[in-house]
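Taking mature numbering (1 follows the signal peptide of the UniProt record, and there is no 0), I'd label the letters of the sequence shown as residues -23 to -1, 1 to 609. From the three backbone atoms N, C-alpha and C, an ideal C-beta is built for every residue, glycine too. Here the structure comes first, spelled out in structure tokens, and everything after it is commentary.
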Amino acid sequence: MTKIGQYLCLVLLLLCSPLSTGAELTPEQVKTAYVYNFLKYVQWPDENQRRTLKVLYVGDNDKLLSVLKSLEQQKVRSLALSVSAGNSDSAITGADVLVVDKSRESRLGDINALILNRPILVIADNAREKQLFGFNFVNRSGGKIGFEINRYNMVYNKLTVSKDIVILGGTELDVASMVKDMESTLQANREQYARLQSQVTEKQRQLDAQQQKQKQQQAKITELDNTLAQQQTAQEALKSQQQALEQKMADTQASFSRQQAELDAKQQELKNKTDEITALSASISINEARIREQKSVLAGYETELAMKEKSLASQSETLEAQSTIIQTQKTLLYISIALIISISISVMLIYRGARVKNQLFVQLAHKHTELESANAQIIRTRDQLLKSEKMAALGSLVAGVAHEINTPIGVGVTSSTHMQEQLSRFIKRYKAEEVTEADLDQLLDDLTQSLELLVRNLDRAARLIKSFKQVSIDQSHEEIRTLQMKEYIQEVCDSLQHELKRGGHKVKINAEQQLSYSCEAGAMAQVITNLVMNSLIHGFRHKTDGEIRFDCYTQENRLIIDYRDNGCGIADETVAKVFDPFFTTRRGEGSSGLGMHVSFNIVNQKFGGDLQCLPSDTGAHFRISLPLQSSE
């Protein structure tokens, strides 16, 4: 029997006895086993460059997710498996395998648009649109589970599907397509093998003929090489003799040229020396005649000079006496002038200084008045800003808590209505004497579940109202009280839960249970609220599942509150301006730029502490340092 026949028999046998979902295995375990086997027969284009396959479950079946998690203990072709749940676009595009639950079938179209041309395998559950999946679970008669294959969709997404997938089963159309492709591939391989075999035979024959010719040509080449070697030896001997003769001739010619050049240079030098000697003789004769004339003139000058020296000696004595008198008079005159000028300048400076002093005093008084007015205006403006920020935070708190309370109250109303309906139905059946023991058990079960749900949601609403009352009282009354820091920060964050839940963000508080601080509770709540809202508006603007962390501890008689988030962070050029009034990076989008400025003023002026924005590579980092004396 041929290999194709064996494959067909095996496929038919598997189709006749598909995997059962009886009492031994749950549907979730069967689907998980299928998923693991699918991964064995599908290859990703970059498997050699990775170590892990990421499996993402898109749905709300916690039981199926729990069973899928067991795949993390297995490996596929030395690749570890990582299983997680998610529904965001970033999580979907970052996965290698998507297991889409029946409840998320409406998202299959969007998912296919997101993963276009990406090597991502989509495994659906009873999907109706056949072009949207790679594998699809189908429910067959007798509670059995099978699957469908859309091999073309997987090839389009750059995935390689092994033909041995037929061993797992699938629909008849999938198996027939696989077998047909396998048969055509085998026939093509056989034909190609025959062609290659004939080509190899012909090439071998041609190679033998060429080797024979090559041996004959090699013998001729050996004879020619010997002859050529003899001729080259003789030619090299003649060439060496010729080079020696040429070298001797060149040396002789160069020596003759050098000697001729030296002779010409000596003759020219001799001629130049002769001309110079002739010129020097004529010049010497002329200079001797001039020297004799100058000696006679010099003698007359010496006589006249002696007479003038005697006359100058007598005149210099007279001038020395007069210059002494003149020098004394000049010194006295200069001193008098200097005294007069200094007295005049002193008088002018005193008068000018008095006028300038009067003018400066008038200007200073005017400036002082203006500064007092501006300072009063600044204080009024700051108080108004603090009140505005406080009322805005209180308004946001009211809206958020109302939204949060609405959910448990709605669930409680639904539960109570359901109990009322069940009780009314039971009373009617009781009056008609149609009540059975099963009806009573069903009623008790429904009432128990509804009451548990009602109590749980009413308790949640009560906790929210308690936190809201405490925080709202703190923000509307400036009362100094001792705060348990961990508990109080949790209360403030609970009041902001409606904002945190929008992006799935979480808050972690690391503090000792007994750590306390005495201050105006409303001001502390406003600082915490501003920090959290700053992270939500700016740090987590394009991010989900963010994390905010409060680390509270004491250090050197001070309370330290380290606030961090893992958002987009603060640019270096923005750190220096983050506490400036009206500074914001989202101007025109609802941000006033006052939140961090108000927080800075509260910490510095009301608490006597310090608020800093510290550099960080993993998000925003603020540090509040408060003196512990305030808690006394």
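Do the region 42 to 56 and the region 93 to 104 touch if we need at least three Cβ pairs shorter than 8 Å?
no
Span of the beta strand (DSSP E) holding Arg518?
Neither: Arg518 is in no beta strand (DSSP E) and is coded neither H nor E.
Boundaries (first-last residue) of the beta strand (DSSP E) holding Val35
29 to 35
Within 10 angstroms of its Cβ, does Gln354 collect 16 or more other Cβ (buried), or is it exposed?
exposed
Would you say Ile442 and Ile538 are within 7 Å of each other, going by their C-beta atoms?
no
At least 3 beta-carbon pairs within less than 8 Å: the region 518 to 526 vs the region 541 to 552
yes
Three Cβ pairs or more, each shorter than 8 Å: is that satisfied between the region 380 to 394 and the region 425 to 432?
yes
Do Val504 and Ile579 have their C-beta atoms within less than 7 Å of each other?
yes
Among all the DSSP beta bridges, which residues are the ones paired with Ser495?
Ser495 is bridged by DSSP to Thr459.
Could you spell out the range, first to last residue, of the beta strand (DSSP E) harbouring Lys17?
Segment 4 to 17 is the alpha helix (DSSP H) holding Lys17; no beta strand (DSSP E) there.
Among Tyr530, Thr521, Ile322, Phe517, the one whose alpha carbon lies nearest that of Gly546:
Phe517
Would you say the region 469 to 476 touches the region 496 to 511, given that touching needs at least three Cβ pairs under 8 Å?
yes
Per DSSP, what kind of secondary structure is Leu150 in: helix, strand or coil?
Any reading at Leu150 must be qualified, since the residue scores a pLDDT of 42, below 50, and its modelled position is unreliable; the value itself is stated next. For Leu150, the secondary structure class from DSSP, reduced to helix, strand or coil, is helix.
Grouping DSSP H, G and I as helix and E and B as strand, with all else coil, what is Gln207?
helix
Rounded to whole angstroms, what is the Cα-Cα separation between Ala439 and Leu421?
26 Å
Figure out for me which residue from Leu571, His598, Ser576, Leu603 has the closest Cα to the Cα of Gly586.
It is Leu603.
When burial is assigned at 16 or more other CB atoms within 10 Å of the CB, is Glu213 buried or exposed?
exposed
With a threshold of 7 Å between beta carbons, is His598 in contact with chain B?
Here chain B cannot be found, since the structure has a single protein chain.
Whole angstroms is fine: what's the gap from Ser401's alpha carbon to Thr413's?
16 Å
Looking at C-alpha atoms only, which residue of Gly36, Ile303, Gln187, Gln20 is the closest neighbour of Val138?
Gln20
Please report the straight-line C-alpha distance between Pro592 and Lys554, rounded to a whole angstrom.
13 Å
Report all residues from its chain with a CB closer than 8 Å to the CB of Leu424; omit the five preceding and five following residues, and keep chain order.
Met396, Gln399, Leu400
Mind checking who residue 612 pairs with in its DSSP beta bridge?
This structure gives no information on residue 612, because the portion of the chain shown stretches from -23 to 609.
Rounded to whole angstroms, how far is the Cβ of Val44 from the Cβ of Glu82, which I believe are closer than 8 Å?
That pair is no contact at about 20 Å.
So Leu477 and Val484 are supposed to be a Cβ contact under 8 Å. How far apart are they, rounded?
7 Å
Could you check if Tyr494 belongs to the surroundings of the ligand SAM, using beta carbon to heavy atom distance under 6 Å?
In terms of ligand content, the structure shown is empty, and the ligand SAM therefore cannot be addressed.
Cβ-Cβ distance between Asn89 and Gly111 below 7 Å
Judged by beta-carbon spacing, Gly111 lies beyond the 7 Å limit of Asn89, meaning their Cβ atoms are not closer than that value.
For Leu316, is the classification buried or exposed, using 16 other Cβ atoms within 10 angstroms of its Cβ as the cut-off for buried?
Exposed is the call here.
Within this structure, are the beta carbons of Leu473 and Asn534 separated by less than 7 Å?
no
Between Tyr11 and Thr595, what straight-line distance do the alpha-carbon atoms span, to the nearest angstrom?
Between Tyr11 and Thr595, the C-alpha separation is close to 40 Å.
Ala57 (DSSP reduced to helix, strand or coil):
strand
So, do the region 119 to 133 and the region 169 to 186 have three or more beta carbon pairs nearer to each other than 8 Å?
no
Go ahead and label Lys8 buried or exposed: buried means 16 or more other beta carbons lie within 10 angstroms of its beta carbon, across all protein chains shown.
buried
For Phe114, which three-state DSSP category applies?
strand
Candidates Asn581, Pro558, Leu460, Lys520, of which the one nearest Cys529 by Cα:
Among Asn581, Pro558, Leu460, Lys520, the Cα nearest to that of Cys529 is on Leu460.
Within 10 angstroms of its Cβ, does His343 collect 16 or more other Cβ (buried), or is it exposed?
exposed
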